[in-house]
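Asker:
There are 2 protein chains.
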Amino acid sequence: MKQTLNVGLLGFGTVGSGTAKILLSGKDMLEERAGCPVNLKWICDKDLETDRGFAVPPDILTDDVERLFQDPDLDIFIELIGGLEPARTFVLKAIESGKHVVTANKALLATHGFEIFEAASRAGVEIGFEASVGGGIPCIKAVKEGLAANNISTVLGIMNGTANYILTSMTDQGLPFQDALKEAQRLGYAEADPTYDIEGVDTAHKLAIMATLAFGQRIGLSDIYTEGISRLTPVDISFAAELGYSIKLLAIGRQENGIVDLRIHPTMISNDHLLSQVRGAYNAFYFTGDSVGKVMLYGMGAGQMPTGSAIVADVVDIARNLVKGCTQRVPALSIPFEHVASARIRPMEEVRVKYYFRFTVKDQPGVLSRIAGILGEEQISIASVVQKGRGRESSSVPIVMVTHEADEGRVRKALEEIDAQEFVLDRTMIIRIEDLKALED
Amino acid sequence: MKQTLNVGLLGFGTVGSGTAKILLSGKDMLEERAGCPVNLKWICDKDLETDRGFAVPPDILTDDVERLFQDPDLDIFIELIGGLEPARTFVLKAIESGKHVVTANKALLATHGFEIFEAASRAGVEIGFEASVGGGIPCIKAVKEGLAANNISTVLGIMNGTANYILTSMTDQGLPFQDALKEAQRLGYAEADPTYDIEGVDTAHKLAIMATLAFGQRIGLSDIYTEGISRLTPVDISFAAELGYSIKLLAIGRQENGIVDLRIHPTMISNDHLLSQVRGAYNAFYFTGDSVGKVMLYGMGAGQMPTGSAIVADVVDIARNLVKGCTQRVPALSIPFEHVASARIRPMEEVRVKYYFRFTVKDQPGVLSRIAGILGEEQISIASVVQKGRGRESSSVPIVMVTHEADEGRVRKALEEIDAQEFVLDRTMIIRIEDLKALED
Numbered sequence: 001m002k003q004t005l006n007v008g009l010l011g012f013g014t015v016g017s018g019t020a021k022i023l024l025s026g027k028d029m030l031e032e033r034a035g036c037p038v039n040l041k042w043i044c045d046k047d048l049e050t051d052r053g054f055a056v057p058p059d060i061l062t063d064d065v066e067r068l069f070q071d072p073d074l075d076i077f078i079e080l081i082g083g084l085e086p087a088r089t090f091v092l093k094a095i096e097s098g099k100h101v102v103t104a105n106k107a108l109l110a111t112h113g114f115e116i117f118e119a120a121s122r123a124g125v126e127i128g129f130e131a132s133v134g135g136g137i138p139c140i141k142a143v144k145e146g147l148a149a150n151n152i153s154t155v156l157g158i159m160n161g162t163a164n165y166i167l168t169s170m171t172d173q174g175l176p177f178q179d180a181l182k183e184a185q186r187l188g189y190a191e192a193d194p195t196y197d198i199e200g201v202d203t204a205h206k207l208a209i210m211a212t213l214a215f216g217q218r219i220g221l222s223d224i225y226t227e228g229i230s231r232l233t234p235v236d237i238s239f240a241a242e243l244g245y246s247i248k249l250l251a252i253g254r255q256e257n258g259i260v261d262l263r264i265h266p267t268m269i270s271n272d273h274l275l276s277q278v279r280g281a282y283n284a285f286y287f288t289g290d291s292v293g294k295v296m297l298y299g300m301g302a303g304q305m306p307t308g309s310a311i312v313a314d315v316v317d318i319a320r321n322l323v324k325g326c327t328q329r330v331p332a333l334s335i336p337f338e339h340v341a342s343a344r345i346r347p348m349e350e351v352r353v354k355y356y357f358r359f360t361v362k363d364q365p366g367v368l369s370r371i372a373g374i375l376g377e378e379q380i381s382i383a384s385v386v387q388k389g390r391g392r393e394s395s396s397v398p399i400v401m402v403t404h405e406a407d408e409g410r411v412r413k414a415l416e417e418i419d420a421q422e423f424v425l426d427r428t429m430i431i432r433i434e435d436l437k438a439l440e441d
Numbered sequence: 001m002k003q004t005l006n007v008g009l010l011g012f013g014t015v016g017s018g019t020a021k022i023l024l025s026g027k028d029m030l031e032e033r034a035g036c037p038v039n040l041k042w043i044c045d046k047d048l049e050t051d052r053g054f055a056v057p058p059d060i061l062t063d064d065v066e067r068l069f070q071d072p073d074l075d076i077f078i079e080l081i082g083g084l085e086p087a088r089t090f091v092l093k094a095i096e097s098g099k100h101v102v103t104a105n106k107a108l109l110a111t112h113g114f115e116i117f118e119a120a121s122r123a124g125v126e127i128g129f130e131a132s133v134g135g136g137i138p139c140i141k142a143v144k145e146g147l148a149a150n151n152i153s154t155v156l157g158i159m160n161g162t163a164n165y166i167l168t169s170m171t172d173q174g175l176p177f178q179d180a181l182k183e184a185q186r187l188g189y190a191e192a193d194p195t196y197d198i199e200g201v202d203t204a205h206k207l208a209i210m211a212t213l214a215f216g217q218r219i220g221l222s223d224i225y226t227e228g229i230s231r232l233t234p235v236d237i238s239f240a241a242e243l244g245y246s247i248k249l250l251a252i253g254r255q256e257n258g259i260v261d262l263r264i265h266p267t268m269i270s271n272d273h274l275l276s277q278v279r280g281a282y283n284a285f286y287f288t289g290d291s292v293g294k295v296m297l298y299g300m301g302a303g304q305m306p307t308g309s310a311i312v313a314d315v316v317d318i319a320r321n322l323v324k325g326c327t328q329r330v331p332a333l334s335i336p337f338e339h340v341a342s343a344r345i346r347p348m349e350e351v352r353v354k355y356y357f358r359f360t361v362k363d364q365p366g367v368l369s370r371i372a373g374i375l376g377e378e379q380i381s382i383a384s385v386v387q388k389g390r391g392r393e394s395s396s397v398p399i400v401m402v403t404h405e406a407d408e409g410r411v412r413k414a415l416e417e418i419d420a421q422e423f424v425l426d427r428t429m430i431i432r433i434e435d436l437k438a439l440e441d
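From first to last, the protein sequence lines stand for chains A and B. Those letters in the first sequence? Residues 1 to 441, per the numbering used here, in order. Those letters in the second sequence? Residues 1 to 441, per the numbering used here, in order.
Structure representation (structure tokens):
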């Protein structure tokens, strides 16, 4: 039986501090749950000077990561430095030295996951990565274990709290994107460089991981169509509201007849749907399984303590294995590594959804008919048209159209032609509309 | 290494059929996930004649449960007959004969859980009971594992799909309770005898199990104040809507300074809160943890396939243990059985919430002032009064009041006095209002 589980933590930033806090202050609780004492043996960071606001035994601090690899008593290596390198090298090194690994690093797993999972599988160690997707929401465990009796056909997610916070502010306060972003930055919901969050890159990392697990297929970042929220305007949000929709940065993964559809883009979803009610910095994961039907998990997808909660849950999970003398009870990808198949991806051009178009055109006769004509040539059928808000003095007007289901490929072709017309004053805004009921059935 | 995991199923009704369907049709998928073949070796039921609508190998059918206990190759005994006896005897017998047990029987666990958990702990076998709470929603696993790094302070749940379906119909269609119940029965959402569902008994079984796990304390049915939905009227629901509330049969578990507050009653919750958006037969579990913050899990809380999904998830969980040669990796109650403490329960009289009262009184002068006077004597402070809908011919009028926070004990005393007044024509309706933000903080 395991006497003590020794944990070493690399990266003493926001999440590292949250993790250390839980490990230090929750010692008794964790021992009871893990079945053995859980000892934070090392905290490694280049910066050991900054005050993290809570007491840390000074002898566990080090700036030399080699001490962790070379400590024969260290059981779990927690990687919280983020990014691809040196995180990849450190994680592989920890695996080679026989340590179990826990990480929150979605970029690393979405990019080098298979290399890491394979190395861990060979070395007989565990990789815990609950914190890499959905912060404190136990969504990885739900897919790997709780829903193990299901073929999962759909994963829908609001996977980035920053983007959802900005969209919620734009909706509630009518703020332009840049103002909502600035407010989010001021409140600490967005980073100084917000590109990854607002352009969907962070969401793509998470969808790659989640879809790999849910569908049991090898899915990489290049398989995912990714479009961010920075072009959205309050006008689009208010048109959406009139149509009964909310706009969310939705991650969509769908498996049908062995073909996988993977995309992230601003999406109009009906206000009747529970996902539309996920507000502020919250995240949600909505699964459809053949036995369970629809299941949603909701919570904080980021932040010091929620992410720390997921990291420590992985530590307890591994401890419970070690106490009972078993490892790799649940393979990293839920099924044996070699069973994970290559994915067949539906090209974005072949996706069929409804569309919202906002054209910015000169206020002159014949424009609407010319646009409708071009759409008609591509067999894009218009469901409704709204034209309003024309200023008396303005020479530019927005025309909004909602289509029936159409092929993305044809839509792109039509919009290229429309945007080349002399009466078009700005690039046409397109927002895809998901009829979620149809998606889930 | 485990060669084959043999499963025997007792109870071939609705959930038994769903479970058998998944085990038979999902063989390949389950073998891949469990790490060994999962073989449905026995189906035991008194009724082997009724056609369940799918093919079952005839040699696995038996009406003699002893064959399961006496089969030395049987690994897992799935109990799906429901009720207290003979389910209790059979489960204990299975444990004594060294079988792991999976059950969906919430009544059994809420009543005899400790006897069963103790027997299983002694015998070194597992008890899987994910299906006993929340149907297919992996909420038990979430509490025992996914949220293992948290002290959980609050569990809120919509734990009964029948009651929630009826409340949703009453809200959407303005139906009286009896009509909504009949519709639910016609559609198969309510049983012929709906007492357990509509009077909160089923919810109490689930809250007892969930609160025991979440708070690590011994909680029994008698610790839970339980009130059903059968006295609600469309008038209450429409008043609630005007006030910005939905009425839900809410299960509330709260732990504060070691004292636990446990109750189930029709509850007004703000339409801003995600729980208010849980509609129809869906269930939801809303937790507050000290690290993770707020987490919600949502899905179908009952039904053949969702419940089967949870049963088979438990089977896969146990299989994964046995393949690695370990059992009782996670204790049934998440912590060692002997660490589960007795609960200190807050008496219902000491609960403080806001109240909605609907008085049914004679339409005569002085009534309102008399009611207000009695409430004032008990220090119940009125936040607002609504009196309307008075028919010209009617001698009876409803008066609706919303209070500030008040003591339940004083409220009961005041209402006893009010309801004894000659001008009161019907027992006063009371609905508790939960300010969820306050509850969760």
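Quick reminder that beta carbons are idealized off the backbone N, C-alpha and C, glycines included.
If contact is defined by three or more beta carbon pairs under 8 angstroms, each pair taking one atom from either stretch, is the segment 278-290 of chain A in contact with the segment 100-111 of chain A?
Answerer: Output reads no: the segment 278-290 of chain A does not touch the segment 100-111 of chain A.
Asker: Using a Cβ-Cβ cutoff of 7 angstroms, what residues of the segment 146-171 of chain A are near chain B? List them in chain order.
Answerer: Listed by position, the residues of the segment 146-171 of chain A near chain B (Cβ gap below 7 angstroms) are Gly146, Leu147, Ala148, Ala149, Asn150, Asn151.
Asker: State buried or exposed for A:Thr89, treating a residue as buried only when at least 16 other CB atoms are found within 10 Å of its CB.
Answerer: Here residue 89 of chain A is taken as the residue at index 89 of the first sequence, counted from 1. A:Thr89 is exposed by the Cβ-count criterion.
Asker: Which ranges does the beta strand (DSSP E) cover as unbroken runs of at least 3 residues, wholly within the segment 373-417 of chain A, from first to last along the chain?
Answerer: If we require 3 residues or more, the beta strand (DSSP E) runs fully inside the segment 373-417 of chain A come out as 382-387, 396-403.
Asker: Would you give the residue range spanned by the beta strand (DSSP E) that A:Pro266 belongs to?
Answerer: For the purposes of this step, residue 266 of chain A is identified with residue 266 of the first sequence, where counting begins at 1. Residues 259-270.
Asker: Compare the beta carbon distance of B:Ala313 and A:Gly146 with 7 angstroms and say whether it is the shorter of the two.
Answerer: Along the second sequence, read from residue 1 onward, the residue named residue 313 of chain B stands at position 313. Along the first sequence, read from residue 1 onward, the residue named residue 146 of chain A stands at position 146. Yes; because the gap between Cβ atoms is below 7 angstroms, this pair is in contact.
Asker: Quick one: Cα of B:Glu349 to Cα of A:Asn151, how far?
Answerer: Taking the second sequence and counting its residues from 1, one reaches residue 349 of chain B at position 349. Taking the first sequence and counting its residues from 1, one reaches residue 151 of chain A at position 151. Roughly 48 angstroms between the two C-alpha positions.
Asker: Quick one: is A:Gly331 buried, meaning 16 or more other Cβ sit within 10 Å of its Cβ, or exposed?
Answerer: As a working note, residue 331 of chain A is residue 331 in the first sequence. One point to set straight first is that residue 331 of chain A is Pro, not Gly, in the sequence displayed. Counting Cβ neighbours within 10 Å, A:Pro331 comes out buried, since at least 16 surround it.
Asker: Suppose you measure from the CA of B:Ser238 to the CA of B:Gly299; what does that come to, to the nearest Å?
Answerer: The residue labelled residue 238 of chain B in the question sits at position 238 within the second sequence. The residue labelled residue 299 of chain B in the question sits at position 299 within the second sequence. Rounded to the nearest angstrom, the two C-alpha atoms are 26 angstroms apart.
Asker: In chain order, what residues of the same chain have a beta carbon less than 7 angstroms from the beta carbon of A:Glu66, not counting five sequence neighbours either side?
Answerer: One-based indexing of the first sequence puts residue 66 of chain A at position 66. Nothing meets the Cβ criterion.
Asker: Pull up the CB-CB distance for B:Ala110 and B:Ile209, whole angstroms please, since I reckon it's below 8 angstroms.
Answerer: One-based indexing of the second sequence puts residue 110 of chain B at position 110. One-based indexing of the second sequence puts residue 209 of chain B at position 209. About 6 angstroms; that satisfies the 8 angstroms criterion.
Asker: Quick one: does A:Gln277 have its CB under 7 angstroms from some CB of chain B?
Answerer: Walking along the first sequence from the start, residue 277 of chain A turns up at place 277. At least one chain B Cβ lies under 7 angstroms of A:Gln277.
Asker: Which residues does DSSP list as the beta-bridge partners of A:Ile219?
Answerer: Walking along the first sequence from the start, residue 219 of chain A turns up at place 219. Partner(s): none; A:Ile219 has no beta bridge.
Asker: Strictly under 7 angstroms for the Cβ-Cβ distance: is B:Gly308 near chain A by that measure?
Answerer: Position 308 of the second sequence, counted from the first residue, corresponds to residue 308 of chain B. Chain A, which has a Cβ nearer than 7 angstroms to the Cβ of B:Gly308, makes this yes.
Asker: Report the partner residues of B:Gln255 according to the DSSP bridge assignment.
Answerer: Residue mapping note: residue 255 of chain B aligns to position 255 of the second sequence, counting from 1. Partner(s): B:Val260.
Asker: So is B:Thr307 buried or exposed if we call it buried at 16+ other beta carbons inside 10 Å?
Answerer: To locate residue 307 of chain B, count along the second sequence from 1; it is residue 307. When all chains shown are included, B:Thr307 counts as buried.
Asker: Using a Cβ-Cβ cut-off of less than 8 angstroms, give me the residues of the segment 344-361 of chain B that come near chain A, in sequence order.
Answerer: Correct list: empty, as no residue qualifies.
Asker: Cβ closer than 7 angstroms: which chain B residues qualify as neighbours of A:Asp317?
Answerer: Here residue 317 of chain A is taken as the residue at index 317 of the first sequence, counted from 1. Result: Glu145.
Asker: Check the Cβ of A:Asn321 against every Cβ in chain B and list those closer than 7 angstroms, keeping chain order.
Answerer: Taking the first residue of the first sequence as position 1, residue 321 of chain A is located at position 321. Those are Arg329, listed as they occur along chain B.
Asker: Using a Cβ-Cβ cutoff of 8 angstroms, what residues of the segment 36-55 of chain A are near chain B? List them in chain order.
Answerer: So nothing in the stretch comes that close.
Asker: I believe A:Leu5 touches A:Pro37 by the beta-carbon criterion, under 8 angstroms. Please report the beta-carbon distance rounded to the nearest angstrom.
Answerer: Looking up residue 5 of chain A in the first sequence gives position 5. Looking up residue 37 of chain A in the first sequence gives position 37. About 7 angstroms separates the two Cβ atoms, so the contact holds.
Asker: Do B:His404 and B:Ala383 have their beta-carbon atoms positioned less than 7 angstroms apart in this structure?
Answerer: Against the second sequence, residue 383 of chain B aligns to sequence position 383. Against the second sequence, residue 404 of chain B aligns to sequence position 404. Against a cut-off of 7 angstroms, the Cβ pair of B:His404 and B:Ala383 comes out as a contact.
Asker: Could one say the Cβ of A:Val65 lies closer than 7 angstroms to chain B's Cβ atoms, at least one of them?
Answerer: Numbered from 1 along the first sequence, position 65 holds the residue referred to as residue 65 of chain A. No, A:Val65 lies away from the interface with chain B (no Cβ there is under 7 angstroms from its Cβ).
Asker: Helix, strand or coil: which one does DSSP assign to A:Ala302?
Answerer: Taking the first sequence and counting its residues from 1, the one referred to as residue 302 of chain A is at position 302. In this structure, A:Ala302 counts as coil in the three-state DSSP scheme.
Asker: Quick one: grab the DSSP three-state call for B:Lys324.
Answerer: For the purposes of this step, residue 324 of chain B is taken as residue 324 along the second sequence, with counting starting at 1. The answer is coil: DSSP assigns B:Lys324 none of H, G, I, E or B.
Asker: Please identify the residue among B:Cys139, B:Gly16, B:Tyr282 whose C-alpha is closest to the C-alpha of B:Leu80.
Answerer: Locating residue 80 of chain B in the second sequence gives position 80, where the first residue counts as 1. Cα-wise, what sits closest to B:Leu80 is B:Gly16.
Asker: Assign B:Asn271 to one of two classes, buried (16 or more other C-beta atoms within 10 Å of its C-beta) or exposed (fewer than that).
Answerer: To locate residue 271 of chain B, count along the second sequence from 1; it is residue 271. Under this definition B:Asn271 is an exposed residue.
Asker: Quick check: what's the CA-CA separation for A:Glu434 versus A:Ala251?
Answerer: Counting from one through the first sequence, the residue named residue 434 of chain A turns up at place 434. Counting from one through the first sequence, the residue named residue 251 of chain A turns up at place 251. Their backbone Cα atoms lie some 11 angstroms apart in a straight line.
Asker: Can you tell me which residues form a DSSP beta bridge with A:Gly293?
Answerer: Reading the first sequence from its first residue, position 293 is the one you call residue 293 of chain A. The partner list for A:Gly293 (beta bridge, DSSP) reads A:Gly289.
Asker: Assuming B:Leu249 and B:Gly200 form a contact by the criterion Cβ under 8 angstroms, report the distance between their Cβ atoms to the nearest whole angstrom.
Answerer: Position 249 of the second sequence, counted from the start, is the residue given in the question as residue 249 of chain B. Position 200 of the second sequence, counted from the start, is the residue given in the question as residue 200 of chain B. B:Leu249 to B:Gly200, Cβ: 6 angstroms. Contact.
Asker: Using the C-alpha atoms, what's the distance from A:Ala20 back to A:Ile311?
Answerer: Against the first sequence, residue 311 of chain A aligns to sequence position 311. Against the first sequence, residue 20 of chain A aligns to sequence position 20. Spanning the two alpha carbons is a distance of roughly 10 angstroms.
Asker: Taking all protein chains shown into account, do 16 or more other C-beta atoms lie within 10 angstroms of the C-beta of B:Asn257, making it buried, or fewer, making it exposed?
Answerer: By one-based count along the second sequence, residue 257 of chain B stands at place 257. Classification for B:Asn257: exposed.
Asker: Just reading off the alpha helix (DSSP H) that A:Glu79 is part of, what are its end residues?
Answerer: The count along the first sequence starts at 1 and reaches residue 79 of chain A at position 79. Per DSSP, A:Glu79 belongs to no alpha helix (DSSP H); it is in the beta strand (DSSP E), 76-79.
Asker: Going by other Cβ atoms of all chains shown within 10 Å of its Cβ, with 16 needed for buried, is B:Glu408 buried or exposed?
Answerer: Stepping through the second sequence from its first residue, residue 408 of chain B is reached at position 408. Label assigned to B:Glu408: buried.
Asker: Can you tell me whether B:Leu61 is helix, strand or coil according to DSSP?
Answerer: On the second sequence, residue 61 of chain B is found 61 positions in, with the first residue counted as 1. Residue state, collapsed to three classes: strand.
Asker: Which residues share a DSSP beta bridge with B:Tyr189?
Answerer: The residue you call residue 189 of chain B lines up with position 189 of the second sequence. Partner(s): none; B:Tyr189 has no beta bridge.
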